[in-house]
Amino acid sequence: MKISTKGRYGLTIMIELAKKYGEGPVSLKAIAQANDLSEHYLEQLIAPLRNAGLVKSIRGAYGGYVLADEPSKITSGDIIRVLEGPITPVEGIEDEEPAKRELWIRIRDAVKNVLENTTLEDLANHRDDGETDAYMFYI
1 MKISTKGRYG LTIMIELAKK YGEGPVSLKA IAQANDLSEH YLEQLIAPLR
51 NAGLVKSIRG AYGGYVLADE PSKITSGDII RVLEGPITPV EGIEDEEPAK
101 RELWIRIRDA VKNVLENTTL EDLANHRDDG ETDAYMFYI
């Protein structure tokens, strides 16, 4: 399973909103500049996140976007599913022989477990203190 730029940049948007949670709306321009990303591309990604009820838009001169819920209640799985679709390492596993089908299911379940148990709060509070295994997940 490969996460595209849609998923990666979508997570970036959501992490930035989580870091500013409770401080008011954040503009996509500010997120784009802080992360050296295309504002136009972020505009395309925010719509499905808004439609899924993960973010709310605030209009006006000081408008922007805010999380629709607390960062501790939104998982990385919620975001990846909206932007990437279902989490599946292999298409058509029902046609595989039983041993391989079992392997693909175990891989899928392990990835889903990591995504479902990593919240925006976890990601927003992550500090890079040189510890290389801070987010090392063994599958």
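If you number the sequence shown the way the UniProt record's numbering does, the last residue is 139 and the count never jumps. Think of the CB as a built atom: it goes at the ideal place given N, C-alpha and C, for glycine as much as any other residue. Note that the structure is predicted; figures quoted are calculated from it, not measured.
request  = Grab the span of the beta strand (DSSP E) containing Gly77 for me, first residue to last.
outcome  = Position 77 of the sequence shown holds residue 77. Taken as a continuous stretch (DSSP letters only), Gly77 belongs to no beta strand (DSSP E), being part of the alpha helix (DSSP H) at Ser76 to Glu84.
request  = Assign Leu17 to one of three DSSP states: helix, strand, or coil.
outcome  = As a position in the sequence shown, residue 17 is number 17, starting the count at 1. If DSSP states are grouped into helix, strand and coil, Leu17 belongs with the helices.
query = In or out: Ser76 buried (at least 16 other Cβ within 10 Å) or exposed?
reply = Taking the first residue of the sequence shown as position 1, residue 76 is located at position 76. Buried is the call here.
inquiry  = Closer than 8 Å is the cut-off here; do at least three beta carbon pairs connect the stretch 116-127 with the stretch 11-21?
reply    = yes
ask   = Can you check whether the CB of Ile31 is closer than 8 Å to the CB of Leu42?
value = Counting from one through the sequence shown, the residue named residue 42 turns up at place 42. Counting from one through the sequence shown, the residue named residue 31 turns up at place 31. Closer than 8 Å, so yes.
query = Just checking my contact of Pro89 with Arg101 at CB under 8 Å: how many whole Å lie between their CB atoms?
reply = Here residue 89 corresponds to residue number 89 of the sequence shown, with the count starting at 1. Here residue 101 corresponds to residue number 101 of the sequence shown, with the count starting at 1. About 11 Å separates the two Cβ atoms, so there is no contact after all.
query = At a cut-off of 7 Å, is Glu94 close to the ligand FAD when judged by its beta-carbon and the heavy atoms of the ligand?
reply = Absent from the structure shown: the ligand FAD. Ligands present: none.
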